[in-house]
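Please read the structure below before turning to the comments.
Protein chains: 2
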Amino acid sequence: MADPRSGAVDPVPTPRTNLLGVDLYLEVRGRGLRAGLIDALREAVRTGRLAPGVRLPPSRSFAADLGIARSTVSAAYTELVAEGWLTARQGSGTRVAKRVEARRTALAPQQAAPTVHRPAYSLLTGMPNLAEFPRGQWLACARRALGAAPHEAFALGDALGRVELRTALAEYLARARGVYADPGRIVICSGFHHGLKLIAQALHARGVRSVAVESYGLDLYRRQLTSAGLRTPLLDVDEHGARVADLEGLEGVGAVLLTPAHQFPTGVALHHDRRAAAVDWARAGDWLVLEDDYDGEFRYDRQPVGALQGLDPERVVYFGTVSKSLAPGLRLAWMVLPEALVAEVVAAKGGLDWVSSALDQLTLAEFIASGAYDRQVRLMRQHYRRRRDQLVSALARRAPGVRVSGIAAGLQAVLELPPGSERSVIEAAGREDLAVSGLAEFRHEAPPGQSAGPGRDALVVNFAAPLESAWAGALEALCRAMPTGGQVARGVLPGR
Amino acid sequence: MADPRSGAVDPVPTPRTNLLGVDLYLEVRGRGLRAGLIDALREAVRTGRLAPGVRLPPSRSFAADLGIARSTVSAAYTELVAEGWLTARQGSGTRVAKRVEARRTALAPQQAAPTVHRPAYSLLTGMPNLAEFPRGQWLACARRALGAAPHEAFALGDALGRVELRTALAEYLARARGVYADPGRIVICSGFHHGLKLIAQALHARGVRSVAVESYGLDLYRRQLTSAGLRTPLLDVDEHGARVADLEGLEGVGAVLLTPAHQFPTGVALHHDRRAAAVDWARAGDWLVLEDDYDGEFRYDRQPVGALQGLDPERVVYFGTVSKSLAPGLRLAWMVLPEALVAEVVAAKGGLDWVSSALDQLTLAEFIASGAYDRQVRLMRQHYRRRRDQLVSALARRAPGVRVSGIAAGLQAVLELPPGSERSVIEAAGREDLAVSGLAEFRHEAPPGQSAGPGRDALVVNFAAPLESAWAGALEALCRAMPTGGQVARGVLPGR
Numbered sequence: 034m035a036d037p038r039s040g041a042v043d044p045v046p047t048p049r050t051n052l053l054g055v056d057l058y059l060e061v062r063g064r065g066l067r068a069g070l071i072d073a074l075r076e077a078v079r080t081g082r083l084a085p086g087v088r089l090p091p092s093r094s095f096a097a098d099l100g101i102a103r104s105t106v107s108a109a110y111t112e113l114v115a116e117g118w119l120t121a122r123q124g125s126g127t128r129v130a131k132r133v134e135a136r137r138t139a140l141a142p143q144q145a146a147p148t149v150h151r152p153a154y155s156l157l158t159g160m161p162n163l164a165e166f167p168r169g170q171w172l173a174c175a176r177r178a179l180g181a182a183p184h185e186a187f188a189l190g191d192a193l194g195r196v197e198l199r200t201a202l203a204e205y206l207a208r209a210r211g212v213y214a215d216p217g218r219i220v221i222c223s224g225f226h227h228g229l230k231l232i233a234q235a236l237h238a239r240g241v242r243s244v245a246v247e248s249y250g251l252d253l254y255r256r257q258l259t260s261a262g263l264r265t266p267l268l269d270v271d272e273h274g275a276r277v278a279d280l281e282g283l284e285g286v287g288a289v290l291l292t293p294a295h296q297f298p299t300g301v302a303l304h305h306d307r308r309a310a311a312v313d314w315a316r317a318g319d320w321l322v323l324e325d326d327y328d329g330e331f332r333y334d335r336q337p338v339g340a341l342q343g344l345d346p347e348r349v350v351y352f353g354t355v356s357k358s359l360a361p362g363l364r365l366a367w368m369v370l371p372e373a374l375v376a377e378v379v380a381a382k383g384g385l386d387w388v389s390s391a392l393d394q395l396t397l398a399e400f401i402a403s404g405a406y407d408r409q410v411r412l413m414r415q416h417y418r419r420r421r422d423q424l425v426s427a428l429a430r431r432a433p434g435v436r437v438s439g440i441a442a443g444l445q446a447v448l449e450l451p452p453g454s455e456r457s458v459i460e461a462a463g464r465e466d467l468a469v470s471g472l473a474e475f476r477h478e479a480p481p482g483q484s485a486g487p488g489r490d491a492l493v494v495n496f497a498a499p500l501e502s503a504w505a506g507a508l509e510a511l512c513r514a515m516p517t518g519g520q521v522a523r524g525v526l527p528g529r
Numbered sequence: 034m035a036d037p038r039s040g041a042v043d044p045v046p047t048p049r050t051n052l053l054g055v056d057l058y059l060e061v062r063g064r065g066l067r068a069g070l071i072d073a074l075r076e077a078v079r080t081g082r083l084a085p086g087v088r089l090p091p092s093r094s095f096a097a098d099l100g101i102a103r104s105t106v107s108a109a110y111t112e113l114v115a116e117g118w119l120t121a122r123q124g125s126g127t128r129v130a131k132r133v134e135a136r137r138t139a140l141a142p143q144q145a146a147p148t149v150h151r152p153a154y155s156l157l158t159g160m161p162n163l164a165e166f167p168r169g170q171w172l173a174c175a176r177r178a179l180g181a182a183p184h185e186a187f188a189l190g191d192a193l194g195r196v197e198l199r200t201a202l203a204e205y206l207a208r209a210r211g212v213y214a215d216p217g218r219i220v221i222c223s224g225f226h227h228g229l230k231l232i233a234q235a236l237h238a239r240g241v242r243s244v245a246v247e248s249y250g251l252d253l254y255r256r257q258l259t260s261a262g263l264r265t266p267l268l269d270v271d272e273h274g275a276r277v278a279d280l281e282g283l284e285g286v287g288a289v290l291l292t293p294a295h296q297f298p299t300g301v302a303l304h305h306d307r308r309a310a311a312v313d314w315a316r317a318g319d320w321l322v323l324e325d326d327y328d329g330e331f332r333y334d335r336q337p338v339g340a341l342q343g344l345d346p347e348r349v350v351y352f353g354t355v356s357k358s359l360a361p362g363l364r365l366a367w368m369v370l371p372e373a374l375v376a377e378v379v380a381a382k383g384g385l386d387w388v389s390s391a392l393d394q395l396t397l398a399e400f401i402a403s404g405a406y407d408r409q410v411r412l413m414r415q416h417y418r419r420r421r422d423q424l425v426s427a428l429a430r431r432a433p434g435v436r437v438s439g440i441a442a443g444l445q446a447v448l449e450l451p452p453g454s455e456r457s458v459i460e461a462a463g464r465e466d467l468a469v470s471g472l473a474e475f476r477h478e479a480p481p482g483q484s485a486g487p488g489r490d491a492l493v494v495n496f497a498a499p500l501e502s503a504w505a506g507a508l509e510a511l512c513r514a515m516p517t518g519g520q521v522a523r524g525v526l527p528g529r
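Next up, the structure:
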């Protein structure tokens, strides 16, 4: 991205000298000879070309040697003495300081890391289609937002986040997700990862020691809770979502983390009786429901079901993010908090916004308020629906034995496999140069005292992320890897 | 910033009905009658206009009442039952769910907070001149960066941060600050606040239990260390900076946090013998120096002294940020780490970049690589030097008794006051409607077993932050508040 030519001013022809048998190149980086000389000497010492203890030539002769003013050399020596590179002692002249160590050539970790084979195709979960990020519209909103921003917007901000964004979100969330949100109870964070961490800290500070999680999910988020000192008993997940009724049986649970609109990753929606039961449970013990609404906007068979939070804003913490609707790289998400929790979360956040870019917050506020966000979500909804339909029909043709379970929503689908076949199918996919996840990967380990429910064999397929150019190939590879699809494929298509 | 008119599609004339004596306004928010009806019913239930248990009219009559299709009403009822707002029982019709609570009108904390008087003038520390943020150039760089970014740039990034930014920083820091930096040992963070926290975690994980800090500084940062379980003994600061030699006397210290280029807030530079001693100390015990180079680019009387880090990149952690050079609201900063510490910091960061916006990182990379950063720093250097000169000459005229101490650098100056007068001068400033900090505010409390050195009376004056329009007034107020300046001022100016 960076234009190498634009790095600095054009270098002038490089003066060169042979200093104590060391070739010393002086690149004048558009900052004058003095600075150039200082840089060159530093570099020569660093690289060991000038060893500790070595005596430098007197400034006069060195200057003559270089064909520059003596004062320039003396100034450079003085500077490097001040910085500790050189030492100047009466009588013994100017020497390279003893303490300066020659640098060992350091390798960047990623360079050092062994290069792993990157599969040609990937249907791994978690990523939206990055090619669809609305770069032009985002920039247009950034221009308007930056143009309109008050000076104070560039200061360290309010711990809640920019009021412009919270105001735009309050309107959007009420309209699009049925969330009861006023700007005063919205807190901006850098992702669900960050928000959950803040809530975990606040809950722990309240004395909560146990938060129930669904038996399937991302271990990464569960660890956010455990690393805050919370136990995380499991709630089994069935075709109606998490078994909320089992909360009664769990000892000392102060909150439950749910994905009501679209359980991740099994893809089912929480049954309305269970939605009600979750709120009733929270109300009965004055406990909290943590609602992770990571992809609630993406429902393909009907209007999205509104958020649970609206039912009791004082007992449900609502989490939303742009990571699925726009891009994870933006690092922008939000929480809608019970009023009583706001001060505690602000405290956990450190009293000010140490994390989120004010400019991105203002840009997203403009993006939402201008209607661009609604348009983008609508666009992606159509796009992803098409992708899902293509997946389903391809499987129906090529792997009729495989059932797609879960609701028509979100960015991934679950493919039910014959018992015991999950691992072998993933391996078969690997042979087709396709990376795909099995459901087992998302199955939480049961904590001591709890027995995990029976496991299922299935794939979790992200149909959203593949670039248009890779989608057909990924689909083909997937079908080839399927238990029945394999034979069929080899029947109808030329084998490789 | 958000254009109210651009929020949603123009509303169509609002159908209105009287439902059970409740006026029900149906605003069609450009999403069709059905969605409008659902929103209106949700709102009516939320606000308590429709109380729990209340029976709703049969869909047929309600539809007739509204003059819309019955199917629309039934669909809305079904939706709201699914969401848990309504219950539908055979025989008893559709009712408002018992569990739904009318919302208490919640006040945003900031609204609830008592409004405090904001002084007309402020010389409080920590902020650069926000009016000088180069909005246009930043946008231009954002456009170029976004245009050139690969799709993967929008994904969750490498824990080190975007390689484009680390590459641009490596070149800049070597050139401008004499830092030995290769991209593989640079870690992007959201501020010194974040970076110090990561280092504190990594050090604690290594078994370090004590990190020495300068006796003057921001308590906020010291707390970052203590909250990571580290003890923080103090190093006295004198006219040559921190008394590095005292490190020998401190028990079990594994690292020291220094501001070598410009001690904050006393404003002195670390003497070159002490720079050397700090590195020697770290090398002797294989300990670490944490170098906070928060404003190293801003030196007005000479070329900036290069960073300490260059002397021993394996034993100095270098911290830099755009919070002073551009704006704190960007939340972008960097660390240059000893090679051995990289993996530990990456682990502390959570293995991926959960924090920093990829777009801002790419924009800053372009901003630096294109030379815009150098130009901005040069511009602000001139601007701030002028401000400092104006401050010094105003004081010389108006408060000759007050000495400005510290080097000509950075964003703040220290004004030495007669012993015992600090508090009264700050109060006098308050009467002039000026907010200014005393040195005492930044004096760390000595931990048990350590005795704090003698305190000094002084003001820490941020001459950089005031807007052009407020600068003269702030200066005038400051002079009026000065012990001698006071009388003089009342002599030469009409008293208020």
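First to last, the protein sequences are chains A and B. Per my numbering: the first sequence ends with 529, consecutive numbering throughout. Per my numbering: the second sequence ends with 529, consecutive numbering throughout. All residues carry an ideal CB built from backbone N, CA and C; glycine is no exception.
CB contact below 8 Å: residue i versus chain A
i: B:Phe352; result: no
i: B:Glu465; result: no
i: B:Tyr213; result: yes
i: B:Gly343; result: yes
i: B:Leu163; result: yes
i: B:Trp367; result: no
i: B:Ser390; result: yes
i: B:Pro516; result: no
Proximity below 8 Å, CB of residue i to CB of residue j
i: A:Leu291; j: A:Leu263; result: no
i: B:Met160; j: A:Ala188; result: yes
i: B:Leu70; j: B:Ala109; result: yes
i: A:Trp320; j: A:Gly287; result: yes
i: A:Ala479; j: A:Leu448; result: no
i: B:Asp325; j: B:Phe225; result: yes
i: A:Arg348; j: A:Ala315; result: yes
Within-8 Å CB hit, residue i to chain B
i: A:Ser125; result: no
i: A:His237; result: no
i: A:Gly224; result: yes
i: A:Pro142; result: Low local confidence applies: a pLDDT of 39 at A:Pro142 is under 50, so the model's placement there is unreliable, with the coordinate-based value given in what follows. Yes, contact with chain B.
i: A:Gly228; result: no
i: A:Arg136; result: The predicted model places A:Arg136 with a pLDDT of 49, which falls under 50 and marks its position as unreliable; any figure quoted below should be read in that light. Closer than 8 Å to some Cβ of chain B, the Cβ of A:Arg136 qualifies, so yes.
i: A:Val129; result: no
i: A:Trp314; result: no
i: A:Phe187; result: yes
i: A:Pro499; result: no
i: A:Pro361; result: yes
Residue closest to residue i, alpha-carbon to alpha-carbon, out of the options
i: A:Asp269; options: A:Leu253, A:Val246 and A:Ala302; result: A:Val246
i: B:Gln257; options: B:Ile459, B:Leu236, B:Glu449 and B:Val277; result: B:Leu236
i: A:Ala201; options: A:Leu359, A:Trp504 and A:Gln394; result: A:Gln394
i: B:Tyr2; options: B:Ala340, B:Ala275 and B:Leu229; result: Because chain B spans 34 through 529 in this model, residue 2 of chain B falls outside it and cannot be assessed.
i: A:Ala531; options: A:Leu119, A:Ala261 and A:Ala207; result: Residue 531 of chain A lies beyond the stretch modelled for chain A, which goes from 34 to 529, so this question has no answer here.
Using a beta-carbon distance cut-off of less than 8 Å, what residues from the stretch 163-185 of chain A approach chain B? Result list: Leu163, Ala164, Phe166, Arg168, Trp171, Leu172, Ala175, Arg176, Arg177, Ala178, Leu179, Gly180, Ala181, Ala182, His184 and Glu185.
Taking beta-carbon pairs under 8 Å, can you tell me which members of the stretch 106-119 of chain B lie near chain A? Residues passing the 8 Å Cβ filter: Glu112, Val114, Ala115, Glu116, Gly117 and Trp118.
Okay, do the stretch 178-185 of chain A and the stretch 497-516 of chain A touch, 3+ Cβ pairs below 8 Å being the bar? Touching, no, given that fewer than three Cβ pairs across the two stretches are closer than 8 Å.
Within 7 Å of chain A by C-beta, residues of the stretch 387-418 of chain B in sequence order: Against chain A - using a Cβ distance shorter than 7 Å - the residues of the stretch 387-418 of chain B are Trp387, Val388, Ser389, Ser390, Ala391, Leu392, Asp393, Leu395, Ala398, Glu399, Ala402, Ser403 and Gly404.
Quick check: the stretch 493-511 of chain A against the stretch 432-447 of chain A, are at least 3 beta-carbon pairs closer than 8 Å? Touching, yes.
How do the stretch 400-408 of chain A and the stretch 366-386 of chain A stand: do at least 3 beta-carbon pairs fall below 8 Å, yes or no? Contact between the stretch 400-408 of chain A and the stretch 366-386 of chain A is absent: fewer than three C-beta pairs spanning the two stretches fall below 8 Å.
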